[in-house]
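>
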Amino acid sequence: MKKYTLWFIYGFLVKWFLKIFVGVKFANARFLLEEEQFIIVANHNSHLDTMTLMASLPPSIIHKVRPVAAADHFGKSKFQERFSNFFINALLIQRKRDKEHPENDPIHKMIRALDDSYSLILFPEGTRGEPEKEQALKPGIALVLSQRPHIKYVPAYLKGMGKAMPKGDNLIVPFISSLSFGRPTKIESTDVAEILKQIEADFEKLKNA
Amino acid sequence: MENILHSGIFQNNDLLIVIALIFGILTFATLLFFIIGKIKPNANLKELKARTKSWWVMASVFIAATIFNTKISYVAIAFLSFVAFRELYSILGFRESDRRAIFWAFLSIPIQYYLAYIGWYGAFIIFIPVEMFLLLPLRLVLKGDTAGITKSMGVMHWTLMLTVFGISHMAYLLSLPELKGFHAGGRGLLLFLVFLTEINDVMQFTWGKLLGKRKIIPKVSPNKTWEGFIGGMICTTGIGYLLAFLTPLSTGQVLFVSFMVAFAGFTGDVVMSSVKRDIGVKDTGSIIPGHGGILDRIDSLAYTAPVFFHLVYFMAY
Chain A
1 MKKYTLWFIY GFLVKWFLKI FVGVKFANAR FLLEEEQFII VANHNSHLDT
51 MTLMASLPPS IIHKVRPVAA ADHFGKSKFQ ERFSNFFINA LLIQRKRDKE
101 HPENDPIHKM IRALDDSYSL ILFPEGTRGE PEKEQALKPG IALVLSQRPH
151 IKYVPAYLKG MGKAMPKGDN LIVPFISSLS FGRPTKIEST DVAEILKQIE
201 ADFEKLKNA
Chain B
1001 MENILHSGIF QNNDLLIVIA LIFGILTFAT LLFFIIGKIK PNANLKELKA
1051 RTKSWWVMAS VFIAATIFNT KISYVAIAFL SFVAFRELYS ILGFRESDRR
1101 AIFWAFLSIP IQYYLAYIGW YGAFIIFIPV EMFLLLPLRL VLKGDTAGIT
1151 KSMGVMHWTL MLTVFGISHM AYLLSLPELK GFHAGGRGLL LFLVFLTEIN
1201 DVMQFTWGKL LGKRKIIPKV SPNKTWEGFI GGMICTTGIG YLLAFLTPLS
1251 TGQVLFVSFM VAFAGFTGDV VMSSVKRDIG VKDTGSIIPG HGGILDRIDS
1301 LAYTAPVFFH LVYFMAY
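These protein sequence lines are chains A and B, in that order. Under this note's numbering, the first residue of the first sequence carries the number 1, and numbering increases by one thereafter. Under this note's numbering, the first residue of the second sequence carries the number 1001, and numbering increases by one thereafter.
1) Starting from the C-beta of A:Met51, find all residues in its chain whose C-beta is less than 6 Å away, skip the five residues before and the five after it, and write them out in chain order.
2) Should B:Ser1108 be flagged as near chain A, meaning a C-beta pair shorter than 7 Å?
3) Is the CB-CB distance between B:Pro1306 and B:Gly1166 below 7 Å?
4) What three-state label does DSSP hand A:Lys163 in the structure shown?
5) Taking the Cβ atom as the reference point for each residue, do A:Gln69 and A:Leu92 lie within a distance shorter than 7 Å?
6) Ignore the nearest five residues each way along the sequence and tell me which others in A:Phe175's own chain have a CB closer than 6 Å to its CB.
7) Determine the DSSP secondary structure at B:Leu1136, reduced to helix, strand or coil.
8) Are B:Ala1065 and B:Pro1289 close, meaning C-beta to C-beta below 7 Å?
9) Pick helix, strand or coil for A:Pro106, following the three-state DSSP scheme.
10) So A:Leu145 and A:Ile111 are supposed to be a Cβ contact under 8 Å. How far apart are they, rounded?
11) If contacts are defined as beta-carbon pairs under 8 Å, then B:Thr1052 and B:Ala1020 qualify, I think. What distance do you get, rounded to the angstrom?
12) Return the bridge partner residues of A:Pro155 from the DSSP annotation.
13) Select from the stretch 169-189 of chain A all residues with a C-beta closer than 7 Å to any C-beta belonging to chain B, and list them in chain order.
14) How about B:Tyr1074 and B:Tyr1113: do their beta carbons lie closer than 7 Å?
15) For A:Val59, which of A:Tyr157, A:Asn28 and A:His73 has the nearest alpha-carbon?
16) In the structure shown, what three-state DSSP assignment does A:Val24 receive?
17) Checking 7 Å against the spacing of the C-beta atoms, do A:His63 and A:Leu6 come in under that value?
18) With a 10 Å radius around its C-beta and 16 neighbouring C-beta atoms as the bar for buried, classify B:Ile1109 as buried or exposed.
19) Can you tell me whether DSSP reads A:Arg183 as helix, strand or coil?
20) For the beta strand (DSSP E) that A:Leu92 lies in, which residues bound it at each end?
21) Counting pairs of beta carbons, one from the stretch 1126-1143 of chain B and one from the stretch 1091-1103 of chain B, are three or more of them closer than 8 Å?
22) In its own chain, which residues sit with a C-beta less than 7 Å from the C-beta of B:Thr1163, not counting the 5 before and 5 after it?
23) Within the continuous beta strand (DSSP E) that includes B:Ser1175, where are the two ends?
24) When Cβ atoms are compared, which residues of the stretch 1081-1093 of chain B fall closer than 9 Å to chain A?
25) Applying the criterion that 16 or more other CB atoms from any shown protein chain within 10 Å of the CB defines a buried residue, is B:Met1001 buried or exposed?
26) Give the C-beta separation of B:Asp1283 and B:Asp1296 to the nearest angstrom, bearing in mind that I take them to be a contact with Cβ-Cβ under 8 Å.
27) Quick check on DSSP: helix, strand or coil for B:Thr1225?
28) Quick check on DSSP: helix, strand or coil for B:Ile1004?
29) In terms of alpha-carbon separation, which member of B:Ser1090, B:Leu1179, B:Ala1123 and B:Leu1107 lies closest to A:Val24?
30) Tell me whether the beta-carbon of A:Ala156 lies closer than 7 Å to the beta-carbon of A:Phe181.
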């Protein structure tokens, strides 16, 4: 049920809205079907980012991919939490680490989702920030990858979304934007700083492509 | 269904002749490039072939959208304006504080096309040049960000004029009243305008490639030559004369109107070229393979549509 709901919402409604009204150019994401499990790592400027990434996913795996979202933003109330869970399939995490209660710890939660054979969508910049400006990557993604080094990450780059719908403005103004993917890659080392450097280099490549 | 397809198109020989002609030309071009490719395998025909392929799609979409039902035509042309407007200001860029005003500018598209649809000429003709011209600066002022506001006012309205006001004249052709003894009607005029504008682009391009030597405005568009310009003008005027049965005009009038369409088409083309040169892009987008963006294709239409409309409106209505 959830699979078809998600497919209908993203693969159909959201996708055509983004294509026809906003003017998003989608990259083909069928290559994801060849991967058993992956973490999509994308830059973050707008609420449209998650929508676009979800809409680009092949329908047959859409229910197995969970965007990681901040609980303080998307799970403010019980209703919002349910809504995010059902309609965005979101994995809600708190922003701060909590080593004493592993069930609340964001890193632990992400790893558990991976072990439950889910794939993830992660925005390592954390917040959306200023439109069309990159921010330093947070180490969470590296901590997850270093503990599950066999899982590939897929760099994704979104251009223009921050113009179409920037942080702090809920009005969508059509703007030609695009989504591009890099290749699924394994991490080269398990060192956190090295992993972040590797991902940053991937972003830089996609940005200038 | 009866109602949707009730357009009299299959009784209207004038329109059918031109549609057959369009597909005839496309078939000819496709075969020509195919044969040249076989004879001279080294010839670089990739772009020409991509262009021709795109022409097939564009011609089919245009004919499907305009011929069967006029209501669909208004929506289709309005959508064309929408895409062109989005494309142009996406490459021009804007300040974050312009977003509300841009949204207002977007809302003017359905209104402008609704005015064309109900045929309210007086409102149609002033809505964007006067009302939006006065209103958009107000929205910008209310936002209160004055750094760069003059440029925003200018760019926003210019973009609106080019992509919405100019193009919407195509739609108003369909709302013109019926004339006694003129069977092709608004759709005939629309077909005449679009066909002539596009053939003018092709002719200027072809003559420029064949004979082009003396450049007209090398700083703006190095591919535009006097030979292409004059060859295009003569051919377009001639073709306009041959297609006079789509218009209610006399021979002298149709020659003059065709000549003006050719000239306006050239102007629209170079104006858009200069803008692209200013921003430093080659094409306005990549939606149409071989052509670039929507605007790369309809830049000349934005100029020919109002010129053609008002000449015909003055002469025949």
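Virtual Cβ for every residue (Gly too), placed ideally from N, Cα, C.
Let me spell this out:
1) Val14
2) no
3) yes
4) helix
5) According to the sequence provided, residue 69 of chain A is Ala. The question's Gln does not apply to it. Yes, the pair counts as a contact, with Cβ atoms nearer than the cut-off.
6) Gly160, Lys163 and Ala164
7) helix
8) no
9) helix
10) In fact, because the Cβ distance is near 10 Å, the residues do not count as touching under 8 Å.
11) B:Thr1052 to B:Ala1020, Cβ: 18 Å. No contact.
12) A:Val41
13) Asp169, Leu171, Val173, Pro174, Phe175 and Ile176
14) yes
15) Per the sequence presented here, residue 59 of chain A reads as Pro, with Val not at that position. Checked all of A:Tyr157, A:Asn28 and A:His73; the closest Cα to A:Pro59 is A:Asn28.
16) strand
17) yes
18) buried
19) coil
20) Leu91 to Ile93
21) yes
22) Ser1081, Ala1084, Phe1085, Leu1088 and Ala1302
23) Where B:Ser1175 is concerned, there is no enclosing beta strand (DSSP E), given that its DSSP letter is neither H nor E.
24) Phe1082, Val1083, Phe1085, Arg1086, Glu1087, Tyr1089, Ser1090, Ile1091 and Gly1093
25) At B:Met1001 the pLDDT is 43, less than 50, meaning the model places this residue with poor confidence; the figure from the coordinates comes in the next sentence. That one is exposed.
26) 5 Å
27) strand
28) Unreliable positioning characterises B:Ile1004 in this predicted model, as indicated by a pLDDT of 49, which lies under 50. The coordinate reading is nonetheless provided below. B:Ile1004: helix per DSSP, three-state reduction.
29) B:Ser1090
30) yes
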